[in-house]
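Reading through the structure tokens given below for one structure.
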Amino acid sequence: MRVNHERRLLNKAAEAGDCRISVRQRADASWPGDHSRLTALESTGRLQRIHLHDGPEGSVAVWQITAAGLSQLQALTSGAA
């Protein structure tokens, strides 16, 4: 079964109380796979990066879903069975 990462990530952001989604940098300074997926959604205008916090335990990147992202999520979920 293939995972629709776009739908999964947009849905996660939409369901959050503040409509945001974040990822934390790993201890080895690498980012989890969702970081590149979120960056790709940002490039299409479906998410907007609103914060990059550098802390003692690594960086945290935060995105917020946009109106275009909500529209795309609706299209993705209405087409799902």
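Taking the working numbering, I'd label the letters of the sequence shown as residues 91 to 171. Glycine residues also receive a C-beta, built at the ideal position from the N, C-alpha and C atoms.
Leaving aside the five residues that flank Gly148 on each side, the residues in its chain whose CB is nearer than 8 Å to its CB run, in chain order, Arg114, Gln115, Arg116, Ala117, Ala119. For Ala158 and Gly135, the gap between their C-alpha atoms comes out near 7 Å.
Inter-residue distance for Trp121 and Thr129 is about 11 Å (C-alpha atoms, whole angstroms).
Partner residues in the beta bridge of Asp144, as assigned by DSSP, are Ser149.
Under DSSP, Arg139 shares a beta bridge with Trp153.
For Ala106, the closest of Leu131, Gln164, Leu163, Ile155 by C-alpha to C-alpha distance is Ile155.
Counting every other CB atom within 10 Å of its CB across the protein chains shown gives Leu142 a total below 16, marking it as exposed.
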